[in-house]
Structure formats: structure tokens, C-alpha cells
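Asker:
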Amino acid sequence: MNTTQPPVADAGPRPRLSARAAGLTSSAIRDLLAHARRPGMISFAGGLPAAAMFDLEGLHAATAAVLETGVDVFQYGATEGQDDLRQALARLMGERGAPVEASRVLVTSGSQQALDLVVRSLLDPGATVVVERPSYLAALQVLHLAQARVVAVDVDADGLCVERLDAACAGLAPRLAYVVPTFANPSGACLSLARRLALLEWAVRHDVWLIEDDPYGELRFGGEPLPSLLALAPRVPGAAARVIHVCSLSKVVAPALRIGWTVLPEALVGPVTRVKQSLDLQTSALTQEIAARYLGSGRLPTRVAAIARAYGARKRALADALHRHFGDRIGFNDPDGGMFLWARFEDGTDAAALLPVALDHGVMYVPGEPFFADAPDRSSLRLAFSTVGEARCAEGVARLARAARTPGACASL
Ligand SMILES: Cc1ncc(COP(=O)(O)O)c(C=O)c1O
Numbered sequence: 004m005n006t007t008q009p010p011v012a013d014a015g016p017r018p019r020l021s022a023r024a025a026g027l028t029s030s031a032i033r034d035l036l037a038h039a040r041r042p043g044m045i046s047f048a049g050g051l052p053a054a055a056m057f058d059l060e061g062l063h064a065a066t067a068a069v070l071e072t073g074v075d076v077f078q079y080g081a082t083e084g085q086d087d088l089r090q091a092l093a094r095l096m097g098e099r100g101a102p103v104e105a106s107r108v109l110v111t112s113g114s115q116q117a118l119d120l121v122v123r124s125l126l127d128p129g130a131t132v133v134v135e136r137p138s139y140l141a142a143l144q145v146l147h148l149a150q151a152r153v154v155a156v157d158v159d160a161d162g163l164c165v166e167r168l169d170a171a172c173a174g175l176a177p178r179l180a181y182v183v184p185t186f187a188n189p190s191g192a193c194l195s196l197a198r199r200l201a202l203l204e205w206a207v208r209h210d211v212w213l214i215e216d217d218p219y220g221e222l223r224f225g226g227e228p229l230p231s232l233l234a235l236a237p238r239v240p241g242a243a244a245r246v247i248h249v250c251s252l253s254k255v256v257a258p259a260l261r262i263g264w265t266v267l268p269e270a271l272v273g274p275v276t277r278v279k280q281s282l283d284l285q286t287s288a289l290t291q292e293i294a295a296r297y298l299g300s301g302r303l304p305t306r307v308a309a310i311a312r313a314y315g316a317r318k319r320a321l322a323d324a325l326h327r328h329f330g331d332r333i334g335f336n337d338p339d340g341g342m343f344l345w346a347r348f349e350d351g352t353d354a355a356a357l358l359p360v361a362l363d364h365g366v367m368y369v370p371g372e373p374f375f376a377d378a379p380d381r382s383s384l385r386l387a388f389s390t391v392g393e394a395r396c397a398e399g400v401a402r403l404a405r406a407a408r409t410p411g412a413c414a415s416l
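See the structure below:
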């Protein structure tokens with residue numbers, strides 16, 4: 004056996020990074036994912052869609068059909084996106100209660116890129132941005148890279164506490180508000196209709212751009228559907244020109260396609276498209292065409308309904324097990340959709356301190372801290388139920404309860 008080790012690479016001097024890159028911390032969730040591969044681990048950590056629910060038959064058929072069409076799908080394409088996909092997405096928005104012209108749809112490399120493009124297009128360093136508290140971690144990273152000043156406003160069971168916006172933003176002249184109104188990541192909260200309307204009115208009153216990030220809106224398994232901010236905007240004079248809707252196929256079709264999109268107010272289409280030009284020229288024409296074919300096949304609604312049903316059963320199993328094992332010791336929201344249950348140790352347990360013990364017991368979650376732009380609630384944790392079947396949900400919570408009972412495990416705050 005050759006035991007010669009490869010030479011250790013010379014790391015060289017520490018690179019001098021830009022201030023914005025140097026301050027960027029690695030995503031706590033992406034770092035945790037390595038543990039999820041440990042044999043037997045039950046992971047409530049990753050915000051991944053259930054791979055078993057991917058419509059492989061439909062995706063294979065769409066891919067085969069696209070590959071038969073010839074060379075065009077291997078060529079460069081328009082920055083705005085492939086025409087047939089933009090039209091299919093405009094139709095999809097119409098089916099979701101927000102009819103839009105295809106010319107307002109910009110296809111992006113995942114919805115993550117849409118967030119980045121919009122933020123780069125609208126913000127100068129130091130600009131004030133309102134986010135939910137807690138908020139989507141990777142949006143906070145985008146805002147950090149843009150050197151924005153972030154103001155976080157609390158979320159309750161009905162979503163962002165819109166009535167607190169004026170006080171939170173007093174004297175700050177916010178440029179932008181970033182919200183996930185429907186089944187937010189991580190809070191799972193759904194913004195009430197009254198607050199949706201109040202948020203639109205607030206944006207108009209203060210001349211603020213409003214990003215509505217909506218990857219989970221279709222994954223409803225309880226309660227009554229609510230219109231998106233984009234669909235509601237025509238009811239509030241001036242609001243339609245302020246709402247930037249961002250969406251994705253990642254959670255309902257497959258994230259590997261990297262197909263997201265944004266519906267932009269007319270005036271932003273040119274500027275945001277030019278920013279995309281400078282970043283990646285275009286999103287892959289190949290996966291765009293696969294997505295267009297798949298949407299054209301008509302299979303999506305049935306698939307989304309099946310995914311929502313499965314997630315609903317998983318959420319119920321998780322919620323029941325939390326009640327059974329923790330009683331009042333854990334408080335949590337009870338989401339009507341999406342992939343996340345946001346919980347809090349009411350006895351002051353520090354969720355980050357408990358995590359290594361939980362890992363030893365074969366269960367993992369994301370401690371709440373990285374989802375806070377400021378003043379983190381260290382007792383909070385995010386439990387993603389999308390990839391964990393009902394029986395495993397119950398077993399995972401039993402493991403968590405054993406971990407929490409381990410002497411010395413529950414460093415209180
Ligand atoms: C709220 C939210 N926005 C955007 C994204 C990015 O998704 P993608 O880039 O895969 O479309 C995610 C992914 O988890 C998310 O939770």
C-alpha cells in the first residue's frame with residue numbers, strides 16, 4: 004500500500020479581501036449539512052424539498068423532448084430568459100391570481116439570484132432595508148454583501164408586525180422591505196390579509212420598494228389561501244409599481260434546475276436585466292427549456308397537491324411529537340404550509356449549546372441565531388419537516404427529548 008501523503012498545499016499569505024467579503028460568514032445551514040450525511044441521522048436542518056417527491060417521470064419526459072429539439076438549447080440565449088418559459092411563467096402567475104405580461108418576467112438562476120439582482124439594482128451601501136425578525140438567512144447574506152443597514156421587525160403568528168414599521172423606521176427613510184409573506188423561512192408564518200393590505204399601503208406612503216419572496220406559497224396544507232402581495236397590489240393605488248415578486252421552481256419541481264424568476268414593475272425590467280447581463284449573461288437555456296416543457300405538460304398542479312399533502316402529514320407528526328415529549332417546555336407556531344416549524348425552548352435552553360448533544364443522539368436542527376439580523380433569540384430553533392417521514396419525525400423528536408434531558412445539556416441563557 005502506498006502510504007505517501009500528498010504534499011500539503013501552501014496556503015500562502017492570508018488574502019486581503021474586500022470589506023464586504025471579509026465580513027461574510029458561511030451559512031450555518033450549509034455548514035451543518037455535512038452532519039446530515041452521518042448514517043442514521045434524522046435531520047430537521049436542511050431546507051430541502053423531499054427528493055422522493057420529485058416528478059422524475061415528468062422531468063425525464065421533458066428533458067428527452069428538449070434534447071430532441073436540436074442545437075438551440077445548447078446555444079447562448081437572451082438575458083431576460085427563453086421566450087417560452089417567460090410565457091409559461093406569466094401564465095402560472097395568472098393561475099395564481101396575478102396576471103402579468105411575459106415582458107415583466109425575468110428568469111433567474113434560482114430565486115436567490117433574483118434577490119441579489121434586485122438588491123444590487125436598488126441599493127447603495129448604507130441604504131436601510133426592512134426585514135422580518137427572524138428572516139431568511141441567505142437574504143441577510145445578500146443584504147450584508149450590499150452593505151445595507153438592516154432593520155428587523157418582529158413576526159408573530161400573523162406574519163410581520165406591520166403596525167410596528169413606522170416606529171422601527173423612524174428617521175431612517177427605508178428604500179426596501181424584504182418579506183416572505185406566505186409560510187416564511189424560518190418562521191412558517193403567513194401574513195394576514197389585513198396586514199398584507201396595510202404593508203402595501205405603508206410601502207406606498209413611504210415610497211419603499213417591496214420584495215415579496217414566495218417560494219412556499221403553493222405548499223399549503225391547511226387554512227384558506229390568501230392572495231399574494233402581487234395579486235393584491237392593484238387594490239392599493241400606487242402599490243403595483245412598488246411590488247417586486249420573486250418565485251422559484253426549487254421547492255415544487257427541483258432545485259437542480261436552478262430556475263427562479265422575478266416579476267418586476269415595468270420601470271425595473273431594463274435596469275435589473277442589465278445587472279444580470281453583467282453577472283452571468285443568462286440562465287442556462289437547457290434547464291429553462293426543460294422547465295418550460297415541464298410546465299407545459301400540465302403535471303405541476305397534481306404534483307404540488309401531492310407534495311403539500313405529504314408535508315402536511317409530516318408537520319402534524321412533528322407537532323404531535325413535540326407536544327407529547329416537551330409539553331409546555333417548547334412553544335411553536337403551527338404552520339398551514341411550507342416546510343418549517345419555528346420553535347422556542349420556553350425554559351431558556353440555548354438551542355446552539357444543545358445542538359452538539361443532539362448530534363450525538365442522532366438528530367439535528369438549525370439553532371435560530373443566524374436568522375436574526377440583530378439581538379438573536381438563542382432559545383429558538385428551526386425544524387424542517389419536508390424530508391422527514393412521519394415515523395422518523397416522531398423518532399427524531401424522541402431523540403431530541405433524550406438529548407435535552409442529558410445532564411448538563413441544557414445550558415440556560
Ligand atoms: C425564502 C427563500 N427564498 C429564496 C430561496 C432560494 O431558492 P432558490 O435559489 O433555490 O430558488 C430559498 C431557499 O431555501 C428560500 O427559503
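Sequential numbering of the sequence shown, starting at 4, is according to the working numbering.
The beta-carbon is built from N, C-alpha and C at its ideal position, and this holds for glycine as well.
1. I'd like to confirm something about Gln115: is its beta-carbon nearer than 7 Å to some heavy atom of ligand 1, or not?
2. Distance check for Ala187 and His248, CA to CA, integer angstroms please.
3. With three or more C-beta pairs closer than 8 Å as the rule, is the region 298-316 touching the region 150-157?
4. At which residue ranges does the region 203-271 contain complete alpha helix (DSSP H) runs of 4 or more residues, listed in the order of the chain?
5. Which residue marks the beginning of the alpha helix (DSSP H) containing Val122, and which one marks its end?
6. My guess is that Val255 and Ala294 are in contact by the Cβ rule of under 8 Å, so how many angstroms apart are they, rounded?
7. For Pro189, which residues of its own chain have a beta-carbon under 6 Å away from its beta-carbon, when the five flanking residues on both sides are left out?
8. Where do the N-terminal and C-terminal ends of the alpha helix (DSSP H) with Glu292 fall, by residue?
9. Compute the beta-carbon to beta-carbon distance between Glu221 and Leu233, rounded to the nearest angstrom, for a pair I have assumed lies under 8 Å.
10. Hey, out of Ala141, Glu166, Gln150, Ala130, whose CA is closest to Leu179's CA?
11. Does DSSP classify Phe57 as helix, strand or coil?
12. Should Gly26 be labelled buried (16 or more other beta-carbon atoms within 10 Å of its own) or exposed?
13. With the cut-off set at 8 Å, would you say Val74 and Leu88 are in Cβ contact?
14. Tell me which residues share the same chain as Tyr314 and place their Cβ nearer than 7 Å to its Cβ, disregarding the 5 neighbours each side in the sequence.
15. Leaving out five residues on either side along the sequence, give the residues of the same chain with a beta carbon under 6 Å from the beta carbon of Gly263.
16. Roughly how many whole angstroms lie between the Cα atoms of Arg208 and Leu126?
17. So the candidates are Val366, Tyr368, Leu267; which of them puts its Cα closest to the Cα of Ala105?
Answerer: To lay it out plainly:
1. yes
2. 14 Å
3. They do not touch, by the three-pair rule.
4. 232-235
5. 113-125
6. Not really, about 11 Å apart at Cβ, beyond 8 Å.
7. Pro137, Phe343, Trp345, Phe374, Arg385
8. 288-299
9. Contact flag wrong, Cβ pair sits at about 14 Å.
10. When C-alpha distances from Leu179 are compared across Ala141, Glu166, Gln150, Ala130, the shortest belongs to Ala130.
11. coil
12. It is exposed - the Cβ of Gly26 has fewer than 16 other Cβ atoms within 10 Å.
13. no
14. Leu222, Phe224, Met342, Phe388, Ser389
15. Thr111, Gly113, Ser114, Ala117, Ser251
16. 19 Å
17. Residue Leu267 is the option with its Cα nearest to Ala105.
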